[in-house]
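Colleague:
Numbering (the working numbering), first residue to last: 606 to 759.
1) How far does the alpha helix (DSSP H) with residue 731 in it extend, from its first residue to its last?
2) Rounded to the nearest angstrom, what separates residue 745 and residue 706 at their Cα positions?
3) Mind checking which residues open and close the beta strand (DSSP E) that includes residue 674?
4) Would you report the Cα separation of residue 741 and residue 681, rounded to the nearest angstrom?
5) Residue 641 and residue 659: beta carbons closer than 9 Å?
6) Short of 8 Å in beta carbon distance, which residues of its chain neighbour residue 626, apart from the five on each side in sequence? Order them along the chain.
7) What residues are listed by DSSP as bridge partners for residue 701?
8) Could you give the DSSP three-state label for residue 629: helix, strand or coil?
9) Starting from residue 664 and walking both ways along the beta strand (DSSP E), at which residues does that stretch end?
10) Residue 686 and residue 671 - do their beta-carbons sit closer together than 9 Å?
Written out as structure tokens, the structure reads:
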């Protein structure tokens, strides 16, 4: 698997869990939307779950290709699906209890199918889309300050 990028727009292919915001976003193609499910059932590649439409919180899941394992035999055979590596990245948020800004939070292991540049491209794209969908642009991190005030970048 390699990250699919639209050559004209430079936009990475990201799959989105279905919700009202995602369905109304004209930038997200219907075939990039999947039904709500457990995170262990998320497709391989980069998938997004919006965890708070009101506050613009989202989590990006980077999953390695799904594998199926079977144990037992005959009528007693049992199967389950898993992936070797998953990285879960929460986008920047402002805490509801202490009002501090928290930047990207990472849990897990980046699948070997992704490069760091691809991960970064996906995170920037998803963050932009979530900001567009929610109008939630008040969460300012260092990357934003560099765009807004290049003279203060150092």
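Think of the CB as a built atom: it goes at the ideal place given N, C-alpha and C, for glycine as much as any other residue.
Modeller: Concretely, from the data shown:
1) 721-739
2) 8 Å
3) Residues 671-676.
4) 51 Å
5) no
6) 655, 658, 738 and 739
7) According to DSSP, which records beta bridges pairwise, residue 701 is partnered with nothing at all.
8) Residue 629 falls in the helix class under three-state DSSP.
9) Counting along the chain, residue 664 sits inside the beta strand (DSSP E) bounded by residues 662-668.
10) In this structure, residue 686 lies closer than 9 Å to residue 671 by Cβ.
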